[in-house]
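>
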């Protein structure tokens with residue numbers, strides 16, 4: 001049977017998200033990120049292309065590893081200025097029916113109590129089309145503006161994130177029963193108080209005794225996305241995620257990553273395929289292979305090496321401004337850089353030794369994933385080959401220019417894949433979770449979040465005597 | 001010259017905002033607060049009526065003073081469930097051109113750094129139509145779910161709010177120069193780093209050294225709303241607010257309040273009319289006085305006395321469940337309640353002594369403001385009389401049922417006031433601030449926020465040596 005391939009659009013509320021310098025291209029519209037119509041038009045386009053969703057990344061700091069300051073990032077507009085992702089959703093939801101919205105927020109930046117309500121609100125307003133990409137934060141510049149000297153160390157951040165999710169699951173899954181809102185005009189009862197429970201959370205980082213402020217939304221818990229690649233990150237993802245974003249420039253690297261994740265899902269008591277895995281990729285396509293190659297060359301002529309190095313420096317924690325652009329890559333004393341470059345070269349091997357400039361050039365279009373260049377049929381061949389060999393479920397598609405890259409994909413690649421039976425002919429109606437797994441709107445029983453439902457092993461709901469002293473309302 | 005009257009719609013992301021029980025009315029649509037079309041249709045209606053804006057209140061807790069628990073609030077749907085207000089804005093902005101959006105959030109619930117970006121994002125997306133209603137929080141149940149035993153005491157909350165606004169002003173007004181975003185394709189420069197400043201804030205509650213994440217939005221600082229009535233609240237409003245919401249059931253009470261606020265504005269070095277003052281009111285209107293009176297009687301038959309007492313108990317901090325509904329008001333040992341009732345009776349004097357039931361009944365439609373009942377002409381008479389005598393600029397209009405109350409106002413009252421020259425014939429184009437004052441998009445020089453502009457007396461921006469050690473970028 002032909003394997004179905006899923007597309008997700010990778011975006012951010014900023015200029016030239018993962019393609020620094022491409023804002024100079026005359027067709028790029030990303031400087032219009034401040035306009036509502038930029039986003040609503042994009043949402044309509046992606047829904048026409050039957051994308052699973054739009055995934056909006058975020059940072060709350062600047063990329064200031066390169067050169068030790070924010071000058072190059074500002075000059076390049078490299079994810080600065082950057083605006084809030086959550087606030088785009090309701091406008092895009094109003095003009096679409098099926099498209100999912102995967103929103104990135106960090107567990108270290110907002111208390112879980114109001115955050116739980118934010119996502120419940122969006123899940124209501126979108127009729128259950130919200131996903132949440134959980135990040136624990138990685139830019140030290142963000143932590144500093146929250147008054148910390150630096151961010152918490154990596155594993156402590158994940159421990160805190162574990163409790164953050166516990167609070168959220170208790171609020172989303174365990175506070176309101178499905179039939180709590182009765183809206184009984186005759187009796188004058190809007191909510192049956194006996195069916196609304198105080199979660200009674202007392203933990204290391206958070207104390208949240210009360211009820212969730214929102215009534216149950218279509219999905220309750222939004223679809224959980226994650227992108228952590230460290231061992232601790234993979235464990236966290238295996239326990240929580242339903243969609244996982246991976247980035248690797250070669251099939252070999254991706255195959256290892258995917259297999260590691262699927263093993264971890266099993267180790268967490270879930271099915272190997274309980275999470276959809278999307279691989280970062282960029283597609284440059286046109287009517288013919290030749291036209292696509294010419295387009296790619298043209299894009300490269302706008303790519304900013306400095307911008308690519310700003311991102312690579314931030315991602316790897318190495319200041320690449322210290323090296324001459326023409327220095328051979330062997331001069332860079334960093335295992336992370338060396339192994340990233342080795343993986344890049346595997347994808348695009350022309351036999352010569354790479355320089356620092358090549359790193360920036362590579363990272364300058366679409367980040368550290370592969371760039372597939374060719375006609376719709378050529379690109380479809382490669383996507384199918386990658387899915388078959390690596391076991392990913394689909395691709396998280398960055399843009400070179402926007403909306404041009406997405407228009408090209410919808411025009412040239414989607415029809416070919418659909419014709420081959422490798423792409424959905426229509427959306428599965430209903431919530432994002434149901435569209436992804438076809439098994440209903442709510443978290444499955446095997447998922448960690450289900451433990452916090454009323455009566456579940458993780459539930460800490462208060463008794464009536466504790467929650468509402470002196471009255472008898474219910475026996476939870 | 002006929003004085004212009006301004007309308008603002010008073011709403012909340014919940015059921016039957018200030019009219020508990022009215023969700024049972026067959027025409028009330030407020031249970032649809034979870035649907036986007038409920039909000040977009042309302043926004044279109046309000047813009048047709050040339051309302052200045054929609055003001056969306058918020059709480060992050062439950063009303064649990066009445067009876068000492070949340071049971072009655074839940075049963076009545078009294079502002080619980082309650083959803084996030086910010087997330088409604090982009091959808092409503094996409095279907096309107098002029099309507100302002102006044103969003104309530106508390107200064108105690110989110111760090112100012114990400115919050116500054118949220119409002120800048122909305123100011124961009126709405127083309128400068130965002131207002132922010134600053135609250136310091138008043139429900140102890142909210143504080144408890146943030147892990148505190150109780151909220152900070154009243155004056156400490158305001159001190160913290162002072163610093164919260166200082167951080168925001170520095171980010172909004174003092175970090176990015178107007179011409180920082182150059183988008184110079186030829187030079188490959190998106191932002192001129194020399195024009196983006198690190199704010200260098202080190203205070204008692206917050207340390208925020210860095211740059212604002214957003215580029216300058218049309219208004220930079222959103223229009224600041226406030227509703228505090230205490231002496232400390234009035235001082236805070238006089239220093240910061242550009243729109244002030246007041247609530248008083250009689251002209252005498254309102255006149256005193258308005259005069260106190262205008263004096264405070266002068267004491268803060270501003271013009272007496274530097275803030276627009278809107279008085280809470282509810283309008284029940286129809287073709288004739290008789291039809292309006294019948295409609296009011298019908299609404300009252302749906303009003304929930306218990307719901308009204310839940311709100312009054314929360315607002316006053318007195319558990320009114322301890323009293324028999326038929327107890328005379330003199331039995332309630334509370335100066336706050338006594339003076340509120342005295343003011344109510346002044347508006348609606350039928351000579352008899354009030355009972356506890358009367359308080360709940362009164363507060364059950366539109367809260368503690370007056371209810372004006374009559375034909376369009378009758379209501380217009382009263383509104384003009386109140387504006388002339390009290391010196392308010394307009395009204396913050398609660399609903400009995402929604403959107404019915406607003407439809408009635410647009411149909412019956414707006415045309416009469418417009419005909420009399422007492423209501424705008426069309427919107428002033430541009431930002432909300434310009435629509436309110438006709439003096440441009442930005443804060444005026446006399447406003448506290450202007451002190452934090454680059455070169456202003458409150459600016460703390462870092463030098464290059466501090467912000468970007470080892471390089472020379474600019475001389476702030």
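Residue numbers (the UniProt record's numbering), protein chains in the order written: chain A, 1 to 476; chain B, 1 to 476.
We treat Cβ as the ideally placed atom computed from N, Cα and C, and that holds for glycine.
1. Look at the Cβ atom of residue 40 (chain B), then the Cβ atom of residue 73 (chain B), and state whether they are nearer than 8 Å.
2. If you drop the 5 nearest sequence neighbours on each side, which residues of the same chain put their C-beta closer than 8 Å to that of residue 287 (chain B)?
3. Mind checking if residue 145 (chain A) is an interface residue toward chain B, Cβ cutoff 8 Å exclusive?
4. Mind checking the segment 27-56 of chain B against chain A and listing, in chain order, the residues whose C-beta falls within less than 7 Å of any C-beta there?
5. For the alpha helix (DSSP H) containing residue 347 (chain B), name the first residue and the last one.
6. So for residue 226 (chain A), helix, strand or coil by DSSP?
7. Should residue 416 (chain B) and residue 380 (chain B) be called a contact, given that it needs their Cβ atoms to be closer than 8 Å?
8. List, in order along the chain, the chain B residues whose C-beta lies closer than 7 Å to that of residue 69 (chain A)?
9. In angstroms with no decimal places, state the Cα-to-Cα distance between residue 476 (chain B) and residue 247 (chain A).
10. Could you compute how far the alpha carbon of residue 441 (chain B) sits from the alpha carbon of residue 2 (chain B)?
11. Examine chain B for any beta-carbon lying closer than 8 Å to the beta-carbon of residue 320 (chain A), and answer yes or no.
12. Would you please verify whether the beta carbon of residue 277 (chain B) is less than 8 Å from any beta carbon of chain A?
13. Using the three-state DSSP reduction, which class does residue 354 (chain A) fall into: helix, strand or coil?
14. Against chain A, which members of the segment 77-88 of chain B pass a CB distance test of less than 8 Å?
15. For chain B, find out if any of its Cβ atoms is closer than 8 Å to the Cβ of residue 206 (chain A); answer yes or no.
16. Report yes or no: do the segment 22-42 of chain B and the segment 160-167 of chain A share at least 3 C-beta pairs separated by less than 8 Å?
17. Taking just the CA atoms, how far does residue 216 (chain A) sit from residue 432 (chain A)?
18. Closer than 7 Å between beta carbons: that is the criterion. Which residues of the segment 181-194 of chain A meet it against chain B?
19. Taking the alpha-carbon positions, what's the residue 211 (chain B) to residue 61 (chain A) distance?
20. Could you name each continuous beta strand (DSSP E) segment of 3 residues or more that falls completely within the segment 352-413 of chain A, going from the start of the chain to the end?
21. Per DSSP, which one or two residues make a beta bridge with residue 328 (chain A)?
22. Leaving out the 5 sequence neighbours to the left and right, which residues in its chain are closer than 6 Å to residue 250 (chain A) when beta-carbon positions are compared?
23. Do you know offhand how far residue 184 (chain A)'s Cα is from residue 191 (chain B)'s?
24. Let me make sure I understand the geometry here. Which of A:465, A:400, A:422, A:437 has the alpha-carbon closest to that of residue 26 (chain A)?
25. Does the distance between the C-beta of residue 254 (chain A) and the nearest non-hydrogen atom of the ligand FMN fall short of 7 Å?
26. Work out the CA separation of residue 260 (chain B) and residue 220 (chain B) for me, nearest whole Å.
27. Please confirm whether residue 197 (chain A) has its beta-carbon closer than 8 Å to some beta-carbon of chain B.
28. Is residue 69 (chain B) buried or exposed, if buried means 16 or more other CB atoms sit within 10 Å of its CB?
29. Roughly how many angstroms lie between the CA atoms of residue 450 (chain B) and residue 167 (chain B), to the nearest whole one?
30. Mapping DSSP to helix, strand and coil, what is residue 302 (chain A)?
31. Applying a beta-carbon distance threshold of less than 8 Å, which residues of chain A neighbour residue 296 (chain B)?
32. 8 Å is my cut-off, CB to CB: does residue 124 (chain B) come that close to chain A?
33. Can you give me, in chain order, the residues of the segment 284-316 of chain B that have a beta carbon less than 7 Å from any beta carbon in chain A?
34. Under a Cβ-count criterion, where at least 16 other Cβ atoms within 10 Å of its own Cβ denotes burial, should residue 372 (chain B) be classed as buried or exposed?
35. Is it buried or exposed, residue 268 (chain B), if we count other Cβ atoms within 10 angstroms and call 16 or more buried?
36. Give a yes or no on whether 8 Å exceeds the smallest Cβ distance from residue 93 (chain B) to chain A.
Let me spell this out:
1. Taking 8 Å as the cut-off, the Cβ atoms of residue 40 (chain B) and residue 73 (chain B) do not count as close.
2. Contacts found: 375, 412.
3. For residue 145 (chain A), the answer is yes, since a Cβ of chain B falls inside 8 Å of its Cβ.
4. Under the 7 Å Cβ criterion, the segment 27-56 of chain B contributes 31, 34, 36, 40.
5. From DSSP, the alpha helix (DSSP H) with residue 347 (chain B) extends over 335-347.
6. Correct three-state label for residue 226 (chain A): strand.
7. Yes, these two residues count as a Cβ contact at 8 Å.
8. Within chain B, the residues near residue 69 (chain A) are 468, 471.
9. Low local confidence applies: a pLDDT of 38 at residue 476 (chain B) is under 50, so the model's placement there is unreliable, and no value is given.
10. The alpha-carbon separation between residue 441 (chain B) and residue 2 (chain B) amounts to approximately 26 Å.
11. Closer than 8 Å: no.
12. With respect to chain A, the C-beta atom of residue 277 (chain B) has no partner C-beta closer than 8 Å.
13. Reduced to three states, the DSSP call for residue 354 (chain A) is coil.
14. Answer in chain order: 77, 80, 81, 82, 83, 84, 86, 87, 88.
15. By this cut-off, residue 206 (chain A) is an interface position.
16. The count of Cβ pairs closer than 8 Å, one atom from the segment 22-42 of chain B and one from the segment 160-167 of chain A, stays below three, leaving the stretches out of contact.
17. For residue 432 (chain A) and residue 216 (chain A), the distance between alpha carbons rounds to 16 Å.
18. Across the segment 181-194 of chain A, CB contacts with chain B closer than 7 Å involve 183, 185, 188, 189, 190, 191, 193, in sequence order along the chain.
19. Going by the C-alpha atoms only, they are around 9 Å apart.
20. Listed in chain order, they are 371-375, 394-398.
21. DSSP output for residue 328 (chain A) lists A:355 as bridge partner(s).
22. These residues qualify, in order along the chain: 343, 346, 347.
23. Straight through space, the alpha carbons of residue 191 (chain B) and residue 184 (chain A) are spaced by roughly 57 Å.
24. From the listed residues A:465, A:400, A:422, A:437, the smallest Cα separation to residue 26 (chain A) is found for A:400.
25. What this structure holds is no ligand at all, so the ligand FMN is not there to describe.
26. Those two C-alpha atoms are separated by around 29 Å.
27. For residue 197 (chain A), no Cβ of chain B is located within less than 8 Å of the residue's own Cβ.
28. That one is buried.
29. Rounded to whole angstroms, residue 450 (chain B) to residue 167 (chain B) spans 13 Å at the Cα level.
30. DSSP places residue 302 (chain A) in helix when its eight states are reduced to three.
31. Residue 296 (chain B) does not reach chain A, its nearest Cβ partner there being about 20 Å away, counting only Cβ pairs nearer than 8 Å.
32. So yes, residue 124 (chain B) belongs to the interface.
33. Listed by position, the residues of the segment 284-316 of chain B near chain A (Cβ gap below 7 Å) are 304.
34. Buried is the call here.
35. By the neighbour-count rule (16 or more Cβ atoms within 10 Å), residue 268 (chain B) is buried.
36. Answer yes: the Cβ-Cβ gap between residue 93 (chain B) and chain A drops below 8 Å somewhere.
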